[in-house]
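Protein chains in written order, with UniProt numbering: chain A, 1 to 380; chain B, 1 to 380; chain C, 1 to 380; chain D, 1 to 380. Cβ atoms here follow ideal geometry from the backbone N, Cα and C, with glycine treated the same way.
Number of protein chains: 4
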Amino acid sequence: MKKHYIMAPGPTPVPVDVLLAGAKETIHHRTPQFLEIMEKTLDEARYLFQTSNRVYAFVSSGTGAMEAAVTNLVNPGEKAIVVVAGKFGERWKEICEAYGINVVEIALEWGEAVTPEQIEKAMKEHPDAKVIFTTHSETSTGTVIDLQAIAQITRNTDRVLVTDEVSGLLAEPLKMDEWGVDVVVAGSQKGIMMPPGLAFITLSKKAWEIVKNNKCPRYYFDLRYYEENYPDNPWTPAVNMIYMLNQSIKMIKEEGIENVWERHRILGEATRNAVKALGLELFSKRPGNVCTAVKVPAGLESKKITKLMRDKYGVTIAGGQGKISNTIFRIAHLGYVSLFDTISAISALEFTLHELGYPVKFGEGVRAAMETFHKEGVAG
Amino acid sequence: MKKHYIMAPGPTPVPVDVLLAGAKETIHHRTPQFLEIMEKTLDEARYLFQTSNRVYAFVSSGTGAMEAAVTNLVNPGEKAIVVVAGKFGERWKEICEAYGINVVEIALEWGEAVTPEQIEKAMKEHPDAKVIFTTHSETSTGTVIDLQAIAQITRNTDRVLVTDEVSGLLAEPLKMDEWGVDVVVAGSQKGIMMPPGLAFITLSKKAWEIVKNNKCPRYYFDLRYYEENYPDNPWTPAVNMIYMLNQSIKMIKEEGIENVWERHRILGEATRNAVKALGLELFSKRPGNVCTAVKVPAGLESKKITKLMRDKYGVTIAGGQGKISNTIFRIAHLGYVSLFDTISAISALEFTLHELGYPVKFGEGVRAAMETFHKEGVAG
Amino acid sequence: MKKHYIMAPGPTPVPVDVLLAGAKETIHHRTPQFLEIMEKTLDEARYLFQTSNRVYAFVSSGTGAMEAAVTNLVNPGEKAIVVVAGKFGERWKEICEAYGINVVEIALEWGEAVTPEQIEKAMKEHPDAKVIFTTHSETSTGTVIDLQAIAQITRNTDRVLVTDEVSGLLAEPLKMDEWGVDVVVAGSQKGIMMPPGLAFITLSKKAWEIVKNNKCPRYYFDLRYYEENYPDNPWTPAVNMIYMLNQSIKMIKEEGIENVWERHRILGEATRNAVKALGLELFSKRPGNVCTAVKVPAGLESKKITKLMRDKYGVTIAGGQGKISNTIFRIAHLGYVSLFDTISAISALEFTLHELGYPVKFGEGVRAAMETFHKEGVAG
Amino acid sequence: MKKHYIMAPGPTPVPVDVLLAGAKETIHHRTPQFLEIMEKTLDEARYLFQTSNRVYAFVSSGTGAMEAAVTNLVNPGEKAIVVVAGKFGERWKEICEAYGINVVEIALEWGEAVTPEQIEKAMKEHPDAKVIFTTHSETSTGTVIDLQAIAQITRNTDRVLVTDEVSGLLAEPLKMDEWGVDVVVAGSQKGIMMPPGLAFITLSKKAWEIVKNNKCPRYYFDLRYYEENYPDNPWTPAVNMIYMLNQSIKMIKEEGIENVWERHRILGEATRNAVKALGLELFSKRPGNVCTAVKVPAGLESKKITKLMRDKYGVTIAGGQGKISNTIFRIAHLGYVSLFDTISAISALEFTLHELGYPVKFGEGVRAAMETFHKEGVAG
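Laid out in structure tokens, this is it:
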């Protein structure tokens, strides 16, 4: 008998109440009954982004919402500033390139966080690059950027700041309106505690001015159709996922978004302290609260660690991605995760490392996590 | 107390066992455990299309799969033949135009079915139009085309025949390989008996040759990524919808695809006979088995009929779409629909028409349906 | 593909929302969290009985609640008046006899309804028989008694009127307090629209006076333990069924109990009219609204009718029970049943009878049902 | 956000797959379709008891099955030997007394385990006491008896050995046939991993000889009706719970009963080692693997410990019952429980004790548990 613990940065654990909400009878999407649910749900989704802008839900993975951000905001041949410090920064670049956009890349070492100064410099050098693509939480390296400080630079200019919050939403504080972020994209299967299948975008007025007249070819993700039909979808919406979203938002509101952020902060802190207590090193220069990227100790292999934890202990963590696939492993603390999930993951890690020959004194990681919880609160 | 009967052409009723399959624990998509399910499920999905080609599942509405067909097969500036005889033919045209494709339109009256001869003529006039976009079942008019005969014309040429099976799949017989159809797109929320959220595409080798080198901008729907990662998705797949798909296919196999086609044929026949017995007229010149488009009798309004049926009787049928929105109403018989659903819908229609002043002798429509079932079989 | 229609008098169809409520996480029963749900639910259950008395929920079938009524109210060797006009009257008698109670039987033909006068006469002849056991709806014969008139006779005496509402509750009007009924027993799987597994009892003060000092051996069903622990159960309660009960009551309240009664009245009326239109005869002298008992036409067999309807059409009706097992078949209209379920059942009956050689003009039964619904309302 | 961890000895955590099995469509219980499921399920239930005897399922709590054992085996006025060493021994006594049975009590200190010698002595002193009621796992004290040794004494005599396995089944090894135990009663909400609502009994031939002619008044629990109707229930069975039982048995078989026993043994061992590492004392003289009863340290209160763990940490453990309610608290490791659940419970206990003023060095309990798991295996 093995229970499954998803401690990977998406999909994340889904509460039974959310799963059951998704099992309710599918009703027809063009009925007043469904549109009422849809409108109410999208309306409340603003809370997740701390915005008064409309939130649009795509039937797609997060990557679809990223594509929507690109094709609705930039034209082929135009310049865009893209921060690349990991796999998801690379994805922004790839999408831009697929659409013939002229990428001004801020290329960083993986694990580094872009600084406001670096953004400012690129803006100055490229006054014709109107859109800046960033990754609030770079999942591939466990790194968080100072989005608020970056928005401080862009907000009173004609530049549009886009941020990938696919993994970051709810795990890292985000106050879209207060900070002046222009475009946010997100997915359902991370902090929102749903299965994968929905993606989200929300835009400031400044961004909408561009969208309206943007010429880049697009159809399925053309935001003008979504706006025109709001709250209805232009294409058939994923009815049962809207039920789930409704339930998830209800649970997030019950906890309170500040408490959700705080819970993730503490889980992140506990995980970092635990791995350090086990003598391990963090990979990121600026670690965030979505997942903790840990350097694989000498003599061990990332794949063996993740495989043993998953197949023997039922704990799914993530290895590295792309060029650092064997350099790190990543323990997430994202979404529907409690202090005991983190304690469980740490104890599984201790067993695993020990079994692979790394010296572990059982309970040392857990103790460090527990002391963090004791000091910081159990948050939830 | 009102029970809900979805007799509209999508979303369609979802069996409880499919809904419950979707409520199982979300597991991580990059695990051998999930990939095994994914592979098995996509493998078995071939049966639905009667093909040995790979089937790819998008996280999207059916429209997303239509966009994938366009952007993977045609380049901006190139010609494509598009049959337009209703709203979904128009959608092919709109997508092509959004991507700068030169549309050679075969424009028909709504309600007409394109003939093989019309296709042949367009092919001759436009030897440089390599791709032909058709709609097997044009849901907006309740019309089915003779896809097999059309494929007979294209199959031994260098032309690629694409068909929108979003509503038609499983309701209208389709033998992709035997007939020589090149590209089929479909959605989850119709004959497949799932909630909306997944879309499908499958392609012949001839089509793949084009895809590989097609230059049209695309990313999320770029089939090369799907092929490269198969059976995994390049982006996060909708894990729980894959569970549902697995369950749906199981149920379809248990019934047997020939029986599924036959059930739809009989349900369609019974519905047509029932509305004719009530003195109503069919709209389509070549009615299909997805939905029956009925002309609104003089003095009545389509919206009032659909509203009363839905709000008083719980039976959701569809009005008309686009330019014929008040000309017709449409009763579907699509997906998880039994003879009793059809009998219920007909009796609800009788009540509704009577209440709106149309002369009805109660039971006449039902009798005609019952006689059809008696003669043709209850199929299921 | 066959859909299942339960048109038998229990278990009855269960709404998906009730099933899903039962799939929520089981929590511990001795927590304030659960006790709050339990208290609220039992409190609201009074509405179903139209009483201000406490309702107790047993983990048992309805028969368990019947046994509780017997063993808590009568002592071995004492007399009890028992009305026997069918299988469930016989059950009262069997339980009494199992506990050594001296049964004063009012033995009627099956299909007859006991009259107030018959009760009055038995009371006079047996002044020492303090408890009277009746069956509001005798499911085995489709008969309803005039419970209100009977209560009129008992209410100002020292006699205790017990009624089996296992099938009758919500299908037949019951106003426990207003009418002066003393003890009511019920089950979950009928009008309450739940799966089987819970049974209920509620008692007047007059009845409680007896219970307190009754000497009949009992433990599991000893009401004194239930009262002492209320709202908690003395033994582990069926936690997830309490969730379902909560949901069912919510749905019943939304419909309104008068509407629920009225819906059952109209469904009963429509079914009776339909079978009469098909030339069939009713069995009961005083037919009720739980199920319609129909005499098997000459030359047919009850078992063949029920088997064909179930195995070919998916419609489960009931045959006869006990000594009339081949005399009748019974079509229920109980619980979560809509007009379309009744129309479906009638059409299935028409097909079935026709196939078994009974002359049917298709649609005649359905027409009669439809005309009833047209005249009486669709109720719901 | 708080997750719920049920570490109390019933109800225990229910796997999502079991909950979802219970949400399937309720079908009619008197159909071949259901009887097939019922027969298969009851047939496979024998495995849980390691018997070839038939298993009967009551719609009741475990107490109902205990009452069935008493009323089917002993007559009022007859003697029965009853071991009383805790609350559930007391329950045997209470039931016997409710039915006028002459109780020969083997009264022990709570926390003690009856010895084979004590049983033998009582048998000799009371040759007319044909039935012996024992409690394999006395949940109220966390004690297990040596049932195999006791059966060794009774098996070749005319005495009938009854054991309450309501909490013990699957947590403590039981080989009914091999050991020669005569009657076993169990409940669904413990090792069987279901919600409460079903109870079970299974009997040897020797026991059945008594049942057939036993005169004790009974009806609902009269085993003769169950035998007569097997595999059908004499009263309406809890259809959806049978679905769940089917799923639970499937999962138990997949794990293998020896592995289930071993998992419980190791979880028990780890829990005992953990509490001892925290300086706490065990209550039981012969601790079992259902739950660990721990003495409340001086200055603390049982209720405060359980309340804080539940309300702050979401971990539901149990206090004491009856006369030792403030002497102990009990941490279960019963049913669908993994090593990480136990680690979580121990860490929650450390937080709780520390917060209530008991000196704790964080991680010491967890370390002891982890070392046990390391040494004994993670079992599952």
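- Item | Presumed contact (8 Å Cβ cut-off) between residue 239 of chain C and residue 34 of chain C, rounded CB distance | If you number the third sequence from 1, residue 239 of chain C lands on position 239. If you number the third sequence from 1, residue 34 of chain C lands on position 34. Contact flag correct, Cβ pair sits at about 7 Å.
- Boundaries of the beta strand (DSSP E) in which residue 183 of chain A is found, first to last residue: In the first sequence, residue 183 of chain A corresponds to position 183, counting from 1. Here the beta strand (DSSP E) through residue 183 of chain A covers 183 to 187.
- Mind checking whether residue 88 of chain C and residue 139 of chain C have CB atoms under 8 Å apart? Position 88 of the third sequence, counted from the first residue, corresponds to residue 88 of chain C. Position 139 of the third sequence, counted from the first residue, corresponds to residue 139 of chain C. Yes, the pair counts as a contact, with Cβ atoms nearer than the cut-off.
- Message: What ranges does the beta strand (DSSP E) occupy inside the segment 24 to 96 of chain C, keeping only unbroken runs of at least 3 residues that lie completely in it?
- Response: 55 to 59 and 79 to 84
- Given that a residue counts as buried once 16 or more other Cβ atoms are within 10 Å of its Cβ, and exposed if not, what is residue 214 of chain D? Here residue 214 of chain D refers to the residue found at position 214 when the fourth sequence is read from its first residue. Buried is the call here.
- Simplified DSSP state of residue 119 of chain C, which is helix, strand or coil: Residue 119 of chain C sits at position 119 when you count from the first residue of the third sequence. Helix.
- Message: Assuming contact is defined by CB atoms lying nearer than 8 Å, are residue 206 of chain A and residue 128 of chain A in contact in what I supplied?
- Response: Here residue 206 of chain A refers to the residue found at position 206 of the first sequence. Here residue 128 of chain A refers to the residue found at position 128 of the first sequence. Contact: no.
- Cross-strand partners of residue 137 of chain B (DSSP beta bridge): By one-based count along the second sequence, residue 137 of chain B stands at place 137. Bridge partners of residue 137 of chain B: B:144.
- Query: Taking C-beta to C-beta, are residue 287 of chain B and residue 272 of chain B nearer than 8 Å?
  - Reply: Here the question's residue 287 of chain B lines up with position 287 in the second sequence. Here the question's residue 272 of chain B lines up with position 272 in the second sequence. Yes, Cβ-Cβ distance for residue 287 of chain B and residue 272 of chain B is below 8 Å.
- Under 9 Å Cβ-Cβ, which residues of chain B neighbour residue 24 of chain D? Counting from 1 along the fourth sequence, the entry for residue 24 of chain D is found at position 24. What residue 24 of chain D touches in chain B: 16, 17 and 20.
- Which whole runs of the alpha helix (DSSP H) in the segment 285 to 309 of chain B are 4 residues long or more, in chain order? none
- Item | Best match in A:167, A:197, A:259 and A:356 for proximity to residue 245 of chain A [C-alpha to C-alpha] | Working through the first sequence from its first residue, we reach residue 245 of chain A at position 245. Looking at the Cα atoms, A:197 is the closest of the given residues.
- Per-residue burial, residue 253 of chain D [other beta carbons within 10 Å of its own, 16 or more giving buried]: Your numbering for residue 253 of chain D matches position 253 in the fourth sequence. Exposed, since its Cβ has fewer than 16 Cβ neighbours within 10 Å.
- Query: Alpha carbon to alpha carbon, what distance is there between residue 95 of chain A and residue 165 of chain A?
  - Reply: Mapped onto the first sequence, residue 165 of chain A falls at position 165. Mapped onto the first sequence, residue 95 of chain A falls at position 95. Looking at the two C-alpha atoms, the distance is approximately 16 Å.
- Query: Is there contact between the segment 17 to 27 of chain D and the segment 354 to 361 of chain D, where contact requires at least three CB pairs shorter than 8 Å?
  - Reply: no
- residue 158 of chain A, buried or exposed, once every other Cβ within 10 Å from all chains shown has been counted against 16: For the purposes of this step, residue 158 of chain A is taken as residue 158 along the first sequence, with counting starting at 1. Answer is exposed; the Cβ neighbour count stays below 16.
- Message: Please list, in chain order, the chain D residues whose beta carbon lies closer than 8 Å to that of residue 4 of chain C.
- Response: Translated into positions along the third sequence, residue 4 of chain C becomes position 4. Within chain D, the residues near residue 4 of chain C are 25 and 27.
- Got a sec: which bits of the segment 303 to 333 of chain D sit with their beta carbon under 7 Å from any beta carbon on chain C, in order along the chain? 310 and 316
- Task: State the Cα-Cα distance for the pair residue 365 of chain B and residue 199 of chain C, rounded to the nearest angstrom.
- Result: Sequence index remark: in the second sequence, residue 365 of chain B carries index 365 (1-based). Sequence index remark: in the third sequence, residue 199 of chain C carries index 199 (1-based). Approximately 43 Å between the Cα atoms of the pair.
- Query: In this structure, what does DSSP give as the bridge partners for residue 131 of chain C?
  - Reply: Counting from one through the third sequence, the residue named residue 131 of chain C turns up at place 131. Note: residue 131 of chain C sits in a beta bridge opposite C:80 and C:160.
- Message: Using the three-state DSSP reduction, which class does residue 114 of chain D fall into: helix, strand or coil?
- Response: The residue given as residue 114 of chain D occupies position 114 in the fourth sequence. Coil, per DSSP.
- Message: Taking beta-carbon pairs under 8 Å, can you tell me which members of the segment 251 to 271 of chain C lie near chain B?
- Response: 251, 255, 259, 260 and 263
- Query: Of all the options B:325, B:269, B:44 and B:69, which has the alpha carbon lying nearest to the alpha carbon of residue 186 of chain B?
  - Reply: Working through the second sequence from its first residue, we reach residue 186 of chain B at position 186. Here the closest residue by C-alpha is B:69.
- Could you have a look at residue 322 of chain C and say whether DSSP puts it in helix, strand or coil? The residue given as residue 322 of chain C occupies position 322 in the third sequence. Residue 322 of chain C: helix per DSSP, three-state reduction.
- Message: Taking the beta carbon of residue 47 of chain C as the centre, do at least 16 other beta carbons fall within 10 Å, making it buried, or is it exposed?
- Response: Within the third sequence, numbered from 1, the residue matching residue 47 of chain C stands at position 47. Exposed, since its Cβ has fewer than 16 Cβ neighbours within 10 Å.
- Report buried or exposed for residue 299 of chain A, applying the criterion of at least 16 other Cβ atoms within 10 angstroms of its Cβ. Taking the first residue of the first sequence as position 1, residue 299 of chain A is located at position 299. Burial call: exposed.
- Message: Please return the same chain residues whose Cβ sits closer than 6 Å to the Cβ of residue 368 of chain A, not counting the five positions on each side in sequence.
- Response: Taking the first residue of the first sequence as position 1, residue 368 of chain A is located at position 368. Within the same chain, residue 368 of chain A has close Cβ partners 273, 274 and 277.
- Item | Three-state class that DSSP yields for residue 316 of chain B in the structure shown | Looking up residue 316 of chain B in the second sequence gives position 316. Three-state result, residue 316 of chain B: strand.
- Would you say residue 290 of chain D reaches chain A, if we count a Cβ-Cβ gap shorter than 8 Å as a contact? Here residue 290 of chain D refers to the residue found at position 290 of the fourth sequence. It does not; no Cβ of chain A falls within 8 Å.
- Item | residue 274 of chain B in three-state terms, based on DSSP | Mapped onto the second sequence, residue 274 of chain B falls at position 274. Here residue 274 of chain B sits in helix by DSSP.
- Task: Please work out which residues of its chain come closer than 6 Å, Cβ to Cβ, to residue 354 of chain A, disregarding the five sequence neighbours upstream and downstream, and give them in chain order.
- Result: Looking up residue 354 of chain A in the first sequence gives position 354. Hits under 6 Å: 360.
- Item | residue 55 of chain A versus residue 64 of chain A: straight-line alpha-carbon distance, rounded | Locating residue 55 of chain A in the first sequence gives position 55, counting from the first residue. Locating residue 64 of chain A in the first sequence gives position 64, counting from the first residue. Whole-angstrom Cα-Cα distance: 15 Å.
- Query: Closer than 8 Å, CB to CB, is residue 44 of chain C near chain B or not?
  - Reply: Within the third sequence, residue 44 of chain C is the residue found at index 44, counting from 1. With 8 Å as the cut-off, residue 44 of chain C does not count as an interface residue toward chain B.
- Can you pull the chain A residues whose beta carbon is under 8 Å from the beta carbon of residue 344 of chain D, in chain order? Indexing the fourth sequence from 1 puts residue 344 of chain D at position 344. By Cβ distance, chain A contributes 340, 343 and 344.
- Query: Should residue 149 of chain C be labelled buried (16 or more other beta-carbon atoms within 10 Å of its own) or exposed?
  - Reply: Counting from 1 along the third sequence, the entry for residue 149 of chain C is found at position 149. Exposed, since its Cβ has fewer than 16 Cβ neighbours within 10 Å.
- Among D:49, D:91, D:363 and D:183, the one whose alpha carbon lies nearest that of residue 73 of chain D: Here residue 73 of chain D refers to the residue found at position 73 of the fourth sequence. Nearest of D:49, D:91, D:363 and D:183 to residue 73 of chain D, Cα basis: D:183.
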